[in-house]
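Participant: Numbering (the working numbering), first residue to last: 206 to 556.
Where a beta carbon is used, it is the ideal one built from N, C-alpha and C, also for glycine.
Have a look at this one.
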């Protein structure tokens with residue numbers, strides 16, 4: 206079965222907007238994963254209309270997690286096209302399971318209202334779906350969406366993260382302690398040296414946000430090809446995904462991997478990269494391809510030590526900040542301009 210993954214530009218900011226096509230030329234399906242901010246969603250509409258027609262049906266629309274730069278752009282896309290299935294996790298659905306972790310003054314209905322009010326774009330997608338007679342679907346570990354298997358998060362881990370989401374009320378535990386720890390380990394940007402055989406990637410970085418850790422990790426299979434989509438997931442979610450893939454006999458070096466969270470140093474560790482990509486091999490032989498879309502003015506991303514870590518494990522890194530797209534076809538004709546792999550950076554950040 207042919208499959209193509211198209212990473213669309215995200216404008217000045219960050220986020221993701223991905224269109225996946227699979228199937229034969231005359232009977233193909235589309236899956237949309239995230240849509241950036243609202244303006245990115247409008248650009249996604251133009252892209253789909255120009256390449257797939259104005260009457261195309263989106264088989265599956267996936268909200269990887271609830272951050273604005275991934276979810277908001279899907280609203281205009283949903284309004285414009287027919288969508289067969291909408292996949293997204295809504296934290297308020299699990300209120301009964303987490304309410305005891307919040308202040309006793311919260312009633313169940315009051316907590317749900319507070320959380321829904323802070324996720325208005327998810328509520329709008331929910332309302333749009335229900336107006337069409339459909340209910341959004343949960344998207345947890347083990348879910349199959351077209352050719353993609355969801356590896357993370359598990360339902361249990363997602364629910365465990367809800368009290369720490371930025372858009373839920375503060376839980377009983379103090380957030381000040383965590384913030385203090387983050388500030389304590391944050392230093393001034395200094396340059397340090399790396400080589401293909403010397404790695405300075407932090408094995409225990411400051412934690413990424415709880416919302417990022419709720420990101421959906423999907424593994425797409427096409428013949429002997431493996432496509433790993435990671436959104437903004439952090440090391441915990443990536444390791445959970447690896448362990449689940451191993452339990453299913455699917456853990457193998459991916460042909461293509463999306464670098465999570467625009468290459469943030471908080472989202473990968475040497476251990477999790479070894480689990481997914483294999484141990485460092487000096488970049489030879491090549492094991493696959495790593496891709497990332499970043500805002501065109503976000504020159505600090507991807508972090509150099511993160512980029513180097515992928516290259517060190519046999520994954521050339523392709524970065525796109527332009528107004529074009531990155532097209533990764535397996536079994537389809539290639540579209541768009543050729544991309545140039547990033548050079549290795551010997552001077553990297555140390556923060």
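Alpha carbons only, please: which of 492, 496, 447 and 400 is nearest the one belonging to residue 462?
Facilitator: Here the question's residue 462 lines up with position 257 in the chain shown. Residue 496 is the option with its Cα nearest to residue 462.
Participant: Please work out which residues of its chain come closer than 6 Å, Cβ to Cβ, to residue 459, disregarding the five sequence neighbours upstream and downstream, and give them in chain order.
Facilitator: As a position in the chain shown, residue 459 is number 254, starting the count at 1. For residue 459, where only same-chain residues beyond five positions count, the Cβ hits under 6 Å are 431, 433 and 493.
Participant: Using CA coordinates, which residue listed in 269, 290, 435 and 357 is at the minimum distance from residue 452?
Facilitator: Within the chain shown, the letter at position 247 stands for residue 452. Measuring from the Cα of residue 452, the nearest candidate turns out to be 357.
Participant: Quick check on DSSP: helix, strand or coil for residue 491?
Facilitator: Counting from 1 along the chain shown, the entry for residue 491 is found at position 286. In the structure shown, residue 491 sits in coil (DSSP, three-state: anything other than H, G, I, E or B).
Participant: Give the single residue among 208, 540 and 416 whose Cα lies nearest to the Cα of residue 437.
Facilitator: Locating residue 437 in the chain shown gives position 232, counting from the first residue. For residue 437, the nearest C-alpha among the options comes from 416.
Participant: Just confirm the distance between the C-beta atoms of residue 249 and residue 213, as a whole number of angstroms; I'd bet it's less than 8 Å.
Facilitator: For this step, residue 249 is matched to residue 44 along the chain shown. For this step, residue 213 is matched to residue 8 along the chain shown. That belief holds up - the Cβ atoms of residue 249 and residue 213 are roughly 6 Å apart, short of 8 Å.
Participant: Based on DSSP bridge pairs, tell me the residues matched to residue 524.
Facilitator: The residue labelled residue 524 in the question sits at position 319 within the chain shown. In the DSSP output, where bridge partners are listed per residue, residue 524 has 497.
Participant: Does the Cβ of residue 542 have 16 or more other Cβ atoms within 10 Å, making it buried, or fewer, making it exposed?
Facilitator: Counted from its first residue, the chain shown places residue 542 at position 337. Exposed, by the Cβ-count rule.
Participant: Could you pull out every residue in the same chain whose Cβ sits closer than 6 Å to the Cβ of residue 341, ignoring the five residues on either side in sequence?
Facilitator: Translated into positions along the chain shown, residue 341 becomes position 136. Hits under 6 Å: 291, 293, 331 and 334.
Participant: Please list the segments of the alpha helix (DSSP H) lying wholly inside the segment 288-313, counting only runs of 4 or more residues, in order along the chain.
Facilitator: Fully enclosed alpha helix (DSSP H) runs of 4 or longer: 300-303.
Participant: Hey, would you say residue 404 sits closer than 8 Å to residue 485, going by beta carbons?
Facilitator: As a working note, residue 404 is residue 199 in the chain shown. As a working note, residue 485 is residue 280 in the chain shown. Closer than 8 Å, so yes.
Participant: Locate the beta strand (DSSP E) running through residue 431, then write down its first and last residues.
Facilitator: Stepping through the chain shown from its first residue, residue 431 is reached at position 226. Element bounds for residue 431: 430-434.
Participant: Please report the distance separating the alpha-carbon of residue 235 from that of residue 534.
Facilitator: Locating residue 235 in the chain shown gives position 30, where the first residue counts as 1. Locating residue 534 in the chain shown gives position 329, where the first residue counts as 1. Spanning the two alpha carbons is a distance of roughly 14 Å.
Participant: Work out the CA separation of residue 516 and residue 549 for me, nearest whole Å.
Facilitator: To locate residue 549, count along the chain shown from 1; it is residue 344. To locate residue 516, count along the chain shown from 1; it is residue 311. Cα to Cα, residue 549 sits roughly 7 Å from residue 516.
Participant: At 3 residues or longer, what runs of the beta strand (DSSP E) sit wholly inside the segment 442-481?
Facilitator: 461-463, all fully within the segment 442-481.
Participant: Of all the alpha helix (DSSP H) runs that stay within the bounds of the segment 331-375, which reach a length of 4 or more residues?
Facilitator: Runs found: 360-366.
Participant: Can you look up residue 242 in the DSSP assignment and give me helix, strand or coil?
Facilitator: Residue mapping note: residue 242 aligns to position 37 of the chain shown, counting from 1. Coil.
Participant: Roughly how many angstroms lie between the CA atoms of residue 531 and residue 366, to the nearest whole one?
Facilitator: Your numbering for residue 531 matches position 326 in the chain shown. Your numbering for residue 366 matches position 161 in the chain shown. Answer to the nearest angstrom: the Cα atoms are 32 Å apart.
Participant: Under 8 Å by Cβ, that's how I've got residue 553 and residue 526 pegged, so tell me the actual separation to the nearest angstrom.
Facilitator: Numbered from 1 along the chain shown, position 348 holds the residue referred to as residue 553. Numbered from 1 along the chain shown, position 321 holds the residue referred to as residue 526. So it is not a contact: roughly 19 Å between Cβ atoms.
Participant: Using DSSP with H/G/I as helix, E/B as strand and the rest coil, what is residue 410?
Facilitator: As a working mapping, residue 410 is identified with position 205 in the chain shown. Coil.
Participant: Using the C-alpha atoms, what's the distance from residue 522 back to residue 504?
Facilitator: Here residue 504 is taken as the residue at index 299 of the chain shown, counted from 1. Here residue 522 is taken as the residue at index 317 of the chain shown, counted from 1. One C-alpha to the other measures close to 15 Å.
Participant: Between residue 234 and chain B, is any beta-carbon pair separated by less than 8 Å?
Facilitator: This model lacks chain B altogether; it includes just one protein chain.
Participant: Please confirm if the segment 316-326 is in contact with the segment 369-378, defined as three or more CB-CB distances below 8 Å between the two stretches.
Facilitator: Yes: the two stretches touch, three or more of their Cβ pairs being nearer than 8 Å.
Participant: Just mark residue 450 as buried or exposed, buried being the case when its beta carbon has 16 or more other beta carbons within 10 Å.
Facilitator: By one-based count along the chain shown, residue 450 stands at place 245. Flag for residue 450 reads buried.
Participant: In chain order, what are the residue ranges of uninterrupted beta strand (DSSP E) at least 3 long that sit wholly in the segment 220-287?
Facilitator: Entirely contained in the segment 220-287, the beta strand (DSSP E) runs reaching 3 residues are, in chain order, 222-229, 232-240 and 262-267.
Participant: What three-state label does DSSP hand residue 515 in the structure shown?
Facilitator: Within the chain shown, the letter at position 310 stands for residue 515. Residue 515 falls in the helix class under three-state DSSP.
Participant: What does the Cβ neighbour count give for residue 489, buried or exposed, with the cut at 16 atoms within 10 Å?
Facilitator: Working through the chain shown from its first residue, we reach residue 489 at position 284. Per the 10 Å Cβ criterion, exposed.
Participant: Helix, strand or coil for residue 534? Go by DSSP, reduced to three states.
Facilitator: Walking along the chain shown from the start, residue 534 turns up at place 329. Correct three-state label for residue 534: strand.
Participant: DSSP state of residue 426, grouped into three classes?
Facilitator: Against the chain shown, residue 426 aligns to sequence position 221. Here residue 426 sits in strand by DSSP.
Participant: So for residue 418, helix, strand or coil by DSSP?
Facilitator: On the chain shown, residue 418 is found 213 positions in, with the first residue counted as 1. Three-state DSSP puts residue 418 in a helix.
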